[in-house]
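Okay, structure first, notes after.
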Amino acid sequence: MTYKNEYIASTQHPDEFWLKQASNIAWFEPPLKGCQATDNGYYDWFRGGQLNTSYLALDHHVKNGRGEKTALIYDSPVTQTTQYFTYNELLSQVAAFAGGLSTLGVSKGDRVIIYMPMIPQAAVAMLACARLGAIHSVVFGGFAANELAVRIDDAKPKVIVTASCGIEGTKILPYKPLVDEAVSLASHKPSACVLFQREQLTAKVDEETDHDWNTLVENSTPAAPVAVDATDPLYVLYTSGTTGKPKGVVRDNGGHAVALHYSMGAIYGISEDDVFWAASDVGWVVGHSYIVYAPLIKGATTVLYEGKPVGTPDAGAFWRMIENHKINVLFAAPTAFRAIRKVDPDAEFFSKYDTSSLRTLFMAGERLDPPTYYWALEKIGVPVIDHWWQTETGWPICSNPMGLEPMDTKPGSSSVPTPGFNVKVLKGPNEEQTTGEKGAIAIKLPLPPGCLSTIWQDHQRFKDGYLREFDGYYSTGDNGYVDEDGYVFIMGRTDDVINVAGHRLSTGEMEEVLAAHPAVAECSVIGVNDALKGQLPVGLVLLKDGVSVDEKELEKALVQRVRDAIGPVACFKRAIVVERLPKTRSGKILRKLLRQIAANETVSVPSTIDDPASVKEIESLMRQKGLVEVSNSLNCEA
2 MTYKNEYIAS
12 TQHPDEFWLK
22 QASNIAWFEP
32 PLKGCQATDN
42 GYYDWFRGGQ
52 LNTSYLALDH
62 HVKNGRGEKT
72 ALIYDSPVTQ
82 TTQYFTYNEL
92 LSQVAAFAGG
102 LSTLGVSKGD
112 RVIIYMPMIP
122 QAAVAMLACA
132 RLGAIHSVVF
142 GGFAANELAV
152 RIDDAKPKVI
162 VTASCGIEGT
172 KILPYKPLVD
182 EAVSLASHKP
192 SACVLFQREQ
202 LTAKVDEETD
212 HDWNTLVENS
222 TPAAPVAVDA
232 TDPLYVLYTS
242 GTTGKPKGVV
252 RDNGGHAVAL
262 HYSMGAIYGI
272 SEDDVFWAAS
282 DVGWVVGHSY
292 IVYAPLIKGA
302 TTVLYEGKPV
312 GTPDAGAFWR
322 MIENHKINVL
332 FAAPTAFRAI
342 RKVDPDAEFF
352 SKYDTSSLRT
362 LFMAGERLDP
372 PTYYWALEKI
382 GVPVIDHWWQ
392 TETGWPICSN
402 PMGLEPMDTK
412 PGSSSVPTPG
422 FNVKVLKGPN
432 EEQTTGEKGA
442 IAIKLPLPPG
452 CLSTIWQDHQ
462 RFKDGYLREF
472 DGYYSTGDNG
482 YVDEDGYVFI
492 MGRTDDVINV
502 AGHRLSTGEM
512 EEVLAAHPAV
522 AECSVIGVND
532 ALKGQLPVGL
542 VLLKDGVSVD
552 EKELEKALVQ
562 RVRDAIGPVA
572 CFKRAIVVER
582 LPKTRSGKIL
592 RKLLRQIAAN
602 ETVSVPSTID
612 DPASVKEIES
622 LMRQKGLVEV
632 SNSLNCEA
């Protein structure tokens, strides 16, 4: 089918379309219906169907004679290690670890937090949870102890799975002390911790609660896959919210499997014979969808990389990976290519490697700026595809459908809506914008399979955050427009969540950290555009009356506080003392105005402003401090 026919079928006859796609995966009990309304005012997919995601990713391929095919390639330049796992080998490890988890009392519906570096055991732990019908929640290893504690209290896991350390470039980051601190901070206490000891650092263990990974596996009986309902949760993945409290995005088993299997063919053009590399982390949604689940459900080979685009050891790291593993499709964030371009602008390293296996380069996680797009297109010489999606959707909302009908690209656009996503630009409730006019990007309900089903333990927050703004639509929180050819252009966020190197972070959460300093009376955190990271957070702080501090020392202390509370992933490096912040008469800080100043846009001063003179004052200071578009000086290593 052409893209147009496929898209029309998916949006006008979604039940028929998605039931057909569902027939392409192996069910224990196939569904008879596609989308159905729920009692809580939403929709679910494939109710009545039963399956197991681990079975789809592993057992199904082994039973069909593909057990000796390479399932996973682990490449770690930081440890100089490369490992290859066949589907047989990966199934054996997953079944054994699932058996180990079951001896710790983990069963269907229980939660398991996975706090791991980019090693094969992270993927094994995820698939083992899925095998038992347990719900995993992967927390990025760079997050601080109190952030992990918040997630422990929300998910209430029975077990935590971790490693002794992570490796970031040349730095060894101890994980176990962070886990221990998080457990001490949390009200909920997991009953056990499974620890994988890495040779780079051995962690101290608590004999009462800690279990060695290898010992646990050796003493376990391999677990068989447990049948779960299509609507049962597969995982909870936390993403930043505008209130500072993380939102636990819930993904189901059935819709997730169907959508990801479909996307591998329709969007990425991947077959069972291909090698697919998503250069991300399992702590993020890209790692869930396109390192662990989608390639394996499809029966392809996936790549797990423990390294950086530069510095491990050089700017040729990605090109070496492509040559060594004959990678066909690469998916990474624009930040990675900005970093490579910064170090190697003429792509001298690229010419040293044979990258002839590469067919397509996909980018997502943040806006792909035209200079980076053109550089990649010129230097790499394959189609460069910008596509747009969210943690909440779990797979692309818009993309160039390379597996259906490759289209021309338009720099600055994430191409056309993916089949299943009925994308609209709204001016107001149920009022669609005309072609080319900017507005709020929304998706007409029902969302296709694979999208979030709710927020963990808080469905009202889900409805308030995503469904209330436009009746009958899912609000993406992004602004943009659709041109005359149907191409979607995303212009920016409508909330106070910023995008740092593809990681969505809450400015409200950072403000809470800054405001807790005894010298700070008030503060605002905004995102400043950055040529490498996309956006970087900057704190504007008001001191308490009568407080006198060294501004450089205060900045150093505030930076450390954010690092301790949120982690280095926030890349928070600047905190500027200001005399006053522009506010409304009711005392609300005009954050939108501050963002406009930083972006060097025309400032819209509202009539409700308390002191108009404060606008020029803050604009002058921000320009003096180099915080106005574009501030390359803020670049930092997370």
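To convert, note that position 143 of the sequence shown is 144 in our numbering; the numbers rise steadily by one, no gaps. Each residue gets a CB set at the ideal place from its N, CA and C atoms; glycine is no exception. Owing to the predicted nature of the structure, the values given are computational and were not obtained by experimental measurement.
Approximately 19 Å separates the beta-carbon atoms of residue 465 and residue 431; this is outside 8 Å, ruling out the contact. If you draw a 10 Å sphere on the C-beta of residue 94, you find 16 or more other C-beta atoms in it, and that means buried.
Under DSSP, residue 86 takes part in a beta bridge, and its partners are 73. The bridge partners DSSP lists for residue 130 come to none. For residue 386, the uninterrupted beta strand (DSSP E) run begins and ends at 385-387, by DSSP.
For the pair residue 428 and residue 153, the Cα-to-Cα distance works out to about 40 Å. According to the DSSP secondary-structure assignment, residue 475 is paired through a beta bridge with 444. 115 is the residue among 120, 115, 548, 343 whose C-alpha sits nearest the C-alpha of residue 180. According to the DSSP assignment, residue 557 belongs to the alpha helix (DSSP H) that extends over 552-566. Restricted to the region 11-65, the beta strand (DSSP E) segments that are unbroken, complete and at least 3 residues in length are 36-38, 44-46, listed in chain order. CA-to-CA, the gap between residue 426 and residue 90 works out to about 48 Å. One Cα belongs to residue 9, the other to residue 230, and the distance between them is close to 29 Å. Closest in C-alpha terms to residue 221, from the list 347, 193, 98, comes 98.
In the assembly as shown, residue 522 is an exposed residue. Its beta-carbon has fewer than 16 other beta-carbons within 10 Å.
If one requires a minimum length of 4 residues, the alpha helix (DSSP H) runs lying completely within the region 333-390 are 335-344, 371-381, in chain order. Here residue 367 is buried: its Cβ has 16 or more other Cβ atoms, across all protein chains shown, within 10 Å. Looking at the backbone, the Cα of residue 363 and that of residue 395 are separated by about 16 Å.
Scanning its chain for C-beta atoms nearer than 6 Å, with the 5 sequence neighbours on each side dropped, one finds around residue 122 the residues 197, in chain order. A straight line joining the alpha-carbon of residue 303 with that of residue 329 spans about 11 Å. Non-local C-beta neighbours of residue 423 in its own chain, meaning closer than 7 Å and more than five positions away in sequence, comprise 12, 444, 445, ordered along the chain. Note that the C-beta distance between residue 613 and residue 606 is below 8 Å. Where residue 315 is concerned, there is no enclosing alpha helix (DSSP H), because DSSP gives it neither an H nor an E. For residue 122, the three-state secondary structure derived from DSSP is helix.
In this structure, the beta-carbon distance from residue 191 to residue 184 falls below 8 Å.
Spatial neighbours of residue 199 in its own chain (CB-CB distance under 7 Å, excluding positions within 5 residues in sequence) are listed in chain order as 164, 165, 166.
Per DSSP, the continuous alpha helix (DSSP H) segment holding residue 511 begins and ends at 508-516.
Across the structure, residue 24 and residue 401 are spaced so that their CA atoms are roughly 24 Å apart. Within the same chain, and ignoring the five residues on either side of residue 278 in sequence, the residues whose Cβ sits closer than 6 Å to its Cβ are 304, 328, 331.
Residue 233 sits buried, since 16 or more C-beta atoms from the chains shown fall within 10 Å of its C-beta. Residue 155: member of the alpha helix (DSSP H) spanning 146-156, first to last residue. Cβ-Cβ distances below 7 Å link residue 133 to 99, 102, 103, 107, 108, 109, 224, 227 in the same chain, with the five nearest sequence neighbours on each side left out; the list follows chain order. DSSP, read as helix, strand or coil, puts residue 574 in coil. Rounded to the nearest whole angstrom, the CA to CA distance from residue 258 to residue 451 is 7 Å. Taking a C-beta distance under 8 Å as the contact criterion, residue 500 and residue 439 do not qualify as a contact pair.
Contact annotation: the region 563-582 touches the region 141-152, with at least three C-beta pairs closer than 8 Å. If one requires a minimum length of 3 residues, the beta strand (DSSP E) runs lying completely within the region 421-468 are 424-429, 440-445, in chain order.
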